[in-house]
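So the protein sequences, as listed, match chains A and B.
The opening residue of the first sequence carries number 236 in the numbering used here; numbering runs sequentially from there.
The opening residue of the second sequence carries number 236 in the numbering used here; numbering runs sequentially from there.
Note that CB positions come from ideal geometry on N, CA and C, so glycine has one too.
As the structure is a computational prediction, the values presented were derived from the model and not from experiment.
Take a look at the structure below.
There are 2 protein chains.
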Amino acid sequence: MTDAAGAGRLLIRDLAQLVTPAATVVPARGAELGRVDVLEDAFILCEGEEIVGVGPMRELRALDGDVVELDGRGRCAIPGLVDCHTHACFAGDRVDEFSLRAAGATYEELHAQGGGIMSTVTATRAATEDELVAAVERHRGWMLRSGTTTFEAKSGYGLDRETELASLHAIRTAGGVATWLGAHAVPPEFDGANAYVEFALREVLPDAARLAEAADVFVERGAFDAGQARRYLTACRDAGLTVRLHGDQFTERGAIPLAVELRARSVDHLEATGEDGVRALARSEVVGVLLPASALFLARPMPPARALVDAGAAIALATDFNPGSAFCESLPLVCALAATQLGLGPAEALTACTLNAAHVVGRADRIGRLAVGYTADVVLLDAPDWRYLAYHLGGPIVADVVVAGARAELG
Amino acid sequence: MTDAAGAGRLLIRDLAQLVTPAATVVPARGAELGRVDVLEDAFILCEGEEIVGVGPMRELRALDGDVVELDGRGRCAIPGLVDCHTHACFAGDRVDEFSLRAAGATYEELHAQGGGIMSTVTATRAATEDELVAAVERHRGWMLRSGTTTFEAKSGYGLDRETELASLHAIRTAGGVATWLGAHAVPPEFDGANAYVEFALREVLPDAARLAEAADVFVERGAFDAGQARRYLTACRDAGLTVRLHGDQFTERGAIPLAVELRARSVDHLEATGEDGVRALARSEVVGVLLPASALFLARPMPPARALVDAGAAIALATDFNPGSAFCESLPLVCALAATQLGLGPAEALTACTLNAAHVVGRADRIGRLAVGYTADVVLLDAPDWRYLAYHLGGPIVADVVVAGARAELG
């Protein structure tokens with residue numbers, strides 16, 4: 236490879252399989268979700284940060300000049316995975332709470348011991364911005380080892396001006412797509428959700444809108460109701476942010492109708508979504524982001540993925556990585572859960588965490604496919620068949636990761 | 236380290252935590268299951284294949300002569316994990332069947348397409364013994380990366396004399412504890428289960444008994460009934476083998492009463508076990524081996540783990556690694572499932588896949604604890620708290636593995 240940044244070439248050759256979503260409309264929905272192109276004995280040619288060639292080995296022409304080669308024998312290439320829903324910016328952990336819950340402790344007992352989301356808020360407020368950057372970078376390293384080359388991360392463990400903005404800075408510094416989850420919970424120093432929303436919009440939004448690409452709100456009993464969410468998201472949209480919602484995680488509280496009304500990019504969770512919600516989402520442009528690792532972690536019902544896809548709704552898959560309800564950054568594990576718990580085939584799962592997830596983070600023109608002109612983000616699976624991504628539950632299937640045309644150190 | 240085999244010393248120092256089961260009775264049951272000793276700022280000293288010292292750093296005395304040191308800072312040591320139930324000797328895979336099932340195919344459709352256990356039997360019979368050794372070694376490498384230092388593996392994909400014996404040879408060659416699962420399914424060339432059991436006992440048992448340590452049988456509708464299992468296991472016991480059973484996976488067919496009657500070492504699966512079975516197991520010496528990754532993979536109910544432990548039954552945890560119903564070799568993932576799906580605390584899960592699993596494979600005097608005199612099999616977790624073993628769902632928590640006093644190459 237030449238020394239000139241962006242000018243080097245990388246040839247991934249002799250791949251057992253090369254697989255890419257084949258949907259013609261983005262986000263993919265219905266039967267389009269499960270359409271993938273599979274090339275056998277294939278190559279990918281990258282130049283600088285871009286893919287400049289993809290095809291069967293027999294069509295590979297002789298290359299002049301310096302080219303770094305990566306051996307693809309016995310491996311399958313898929314697009315770099317895109318995690319479109321994480322809470323990767325936090326300090327501390329919740330392993331005490333996890334252990335108590337595993338042994339049967341109730342939420343009340345956990346709350347009495349200082350557990351729950353506010354314990355992470357306390358730890359995150361106590362961290363410096365450098366410590367938050369280090370935390371997000373550590374989490375990013377884990378994600379990379381699992382094949383995630385693009386990740387979204389939300390603030391939401393600050394809930395004060397300083398920590399929310401520091402969190403968004405940290406996420407950007409660590410290379411994440413930043414979402415301002417200003418309305419994650421109501422911190423105890425405020426007299427209710429309305430007063431907190433008032434504060435957040437007045438004191439935090441102006442700066443948050445310069446740092447984040449999207450805004451998000453937790454619509455749930457004990458968090459924010461639909462009216463408060465409408466007020467928050469409308470102001471965020473007016474400030475130029477894409478809007479997203481956490482909805483229907485434990486109870487249906489109007490998140491889907493509000494998402495449709497506001498033309499939100501996504502509504503995420505949906506474990507409690509009923510038939511009306513499925514129909515409403517299917518008629519809309521809003522993507523349903525499903526988080527089966529979170530449902531598993533909390534031993535909650537799985538979201539109605541099959542019903543959503545069959546009704547024609549667009550879905551994406553993400554990890555929900557966070558310290559309390561999904562300490563899991565592995566999209567391959569999420570794909571295994573999709574296949575075993577959600578009734579999604581491997582091809583549907585792949586599109587849901589590549590192309591459709593890229594749409595959720597506003598980058599479907601650049602990432603989520605292995606095709607000429609796309610960013611050269613590639614995962615090489617140590618498997619004879621790309622569907623091991625979902626099949627090899629918890630296994631070491633990520634052999635190599637290429638990010639923007641360069642082989643990544645997996646640590 | 237000196238060159239003399241077995242004479243070298245390895246010091247693992249400055250461990251954030253060192254954790255070992257503290258049960259005084261083996262197998263641990265009831266409250267004993269959750270008793271672990273946790274030492275902070277600790278060391279482990281190994282000499283040859285054995286642990287010769289364990290304690291807090293302040294008690295570490297100066298060591299004369301050559302000692303290899305391993306840095307334990309920021310890491311936690313647990314005993315090498317013991318997988319006491321796998322089907323790691325097979326050729327081929329079942330990813331086609333997995334994909335069809337994920338997308339909603341019925342078992343009848345799968346059968347019509349050549350799926351199911353007999354497809355693995357066909358592939359395994361077609362493999363040479365060298366190919367089987369290579370397969371078990373590949374699977375063993377995956378296990379090692381997940382922290383498994385001792386694994387049991389069953390035959391059962393041969394179901395003819397030659398392939399069953401070749402499978403047991405291959406398991407031993409690859410370092411596994413061999414179990415003869417001669418009664419896994421009835422191959423189609425036999426006229427029913429009785430005729431097959433007759434053949435297996437007459438033609439295979441005499442040699443299998445020299446290669447295997449235990450015998451196992453699948454008690455289930457469509458496989459073997461309790462009468463056939465009694466005949467098979469009694470003959471195996473008389474030939475010197477420890478006896479085990481697959482029971483109550485889909486339906487209760489008398490496996491637990493038979494296990495108690497025959498003083499079996501274990502009865503494995505138990506997803507369908509009811510209250511009577513729980514009580515019967517609790518009154519016995521038989522270990523219930525729980526396989527939550529298999530239940531997850533097949534989207535089946537989880538076994539009644541909490542009820543078993545609370546009733547006083549001894550349990551162990553294992554992966555059930557196999558190509559059809561649990562393509563998962565990760566005991567850390569099994570521990571995460573134990574905590575989130577089975578209601579077991581991290582300490583209970585740890586004892587269940589170390590000390591109690593060691594008992595199931597007849598080695599509790601040598602492995603399953605970090606204590607002086609035990610084999611120096613150690614897993615170093617890349618985590619500030621050992622409970623991340625269960626908490627970090629699907630994460631890269633195994634930093635280093637020591638097998639019999641030597642640091643293993645994790646590939």
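Scanning chain A for C-beta atoms nearer than 7 Å to the C-beta of VAL330 of chain B yields ASP620, ARG622, TYR623 and TYR626, reported in chain order. For GLY339 of chain B, there is no enclosing alpha helix (DSSP H), as DSSP gives it neither H nor E. The beta carbon of GLU510 of chain B sits closer than 8 Å to the beta carbons of ALA542 from its chain, once the five residues preceding and following it are set aside; these are given in chain order. Nearest CB-CB separation between ALA546 of chain B and chain A: not below the 8 Å threshold. The straight-line gap separating the alpha-carbon atoms of LEU624 of chain A and LEU616 of chain A is approximately 7 Å.
In the structure shown, GLY288 of chain A adopts extended strand secondary structure according to DSSP, grouped into three states. For ASP503 of chain A, the three-state secondary structure derived from DSSP is strand. For GLN463 of chain B, the secondary structure class from DSSP, reduced to helix, strand or coil, is helix. Counting along the chain, no beta strand (DSSP E) covers LEU605 of chain B, and no H or E run does either.
In the structure shown, CYS311 of chain A falls within a strand segment according to DSSP collapsed to helix, strand and coil.
Around the CB of ALA430 of chain A, fewer than 16 other CB atoms lie within 10 Å, so the residue is classed as exposed.
Ranking B:THR477, B:VAL513 and B:GLY489 by CA distance to the CA of SER501 of chain B puts B:THR477 first. Listed along chain A, the residues sitting closer than 7 Å to TRP377 of chain B by beta-carbon distance are GLY630 and PRO631. Counting other Cβ atoms within 10 Å of its Cβ, VAL260 of chain A stays below 16 and is therefore classed as exposed.
Beta-bridge analysis with DSSP links HIS481 of chain A to A:PHE453 and A:ASP503. SER390 of chain A and ALA450 of chain B have their alpha carbons spaced roughly 55 Å apart. Here DSSP, grouped into helix, strand and coil, assigns ASP306 of chain A to strand. For secondary structure counted as the beta strand (DSSP E) over 3 or more consecutive residues, the region 509-554 of chain B holds these complete runs in sequence order: 522-525 and 550-552. At least 8 Å separates the beta-carbon of VAL371 of chain A from that of GLY339 of chain A. In summary, THR363 of chain A is exposed, with fewer than 16 beta-carbon neighbours lying within 10 Å of its beta-carbon over all protein chains present. The criterion of a C-beta distance shorter than 8 Å is satisfied by PHE562 of chain B and LEU628 of chain A. Secondary structure at PHE386 of chain A: strand, using DSSP grouped into helix, strand and coil. A Cβ-Cβ contact shorter than 8 Å links GLY603 of chain B with VAL317 of chain B. With contacts defined as CB atoms closer than 8 Å, VAL544 of chain A and HIS320 of chain A fail to qualify as a contacting pair. Distance from the CA of GLN484 of chain A to the CA of ASN591 of chain A, rounded to the nearest whole angstrom, comes to 21 Å. Distance from the Cα of LEU526 of chain A is smallest, within the candidate group A:GLY547, A:SER519 and A:ARG535, for A:ARG535. In this model, VAL637 of chain B and ARG308 of chain B are separated by some 16 Å (Cα to Cα). Residues of chain B whose Cβ lies closer than 9 Å to the Cβ of ARG601 of chain A do not exist; the shortest such Cβ separation is about 27 Å.
In the structure shown, TRP415 of chain B falls within a strand segment according to DSSP collapsed to helix, strand and coil. Under the DSSP definition of a beta bridge, ARG642 of chain B partners with B:VAL637.
Scanning chain B for C-beta atoms nearer than 7 Å to the C-beta of LEU298 of chain A yields nothing, as the closest lies near 31 Å away. In the three-state scheme derived from DSSP, where H, G and I count as helix and E and B as strand, GLN576 of chain A is classed as helix. Below the 7 Å Cβ cutoff, chain A contributes GLY580, PRO581 and ARG622 as neighbours of SER334 of chain B, in chain order. Distance from the CA atom of LEU552 of chain A to the CA atom of GLU294 of chain A, rounded to whole angstroms, is 34 Å. Per the coordinates, the alpha-carbon of VAL289 of chain A lies some 33 Å from the alpha-carbon of GLN576 of chain A. Taking C-beta atoms as the reference points, ARG310 of chain B and LEU280 of chain B fail to come closer than 8 Å.
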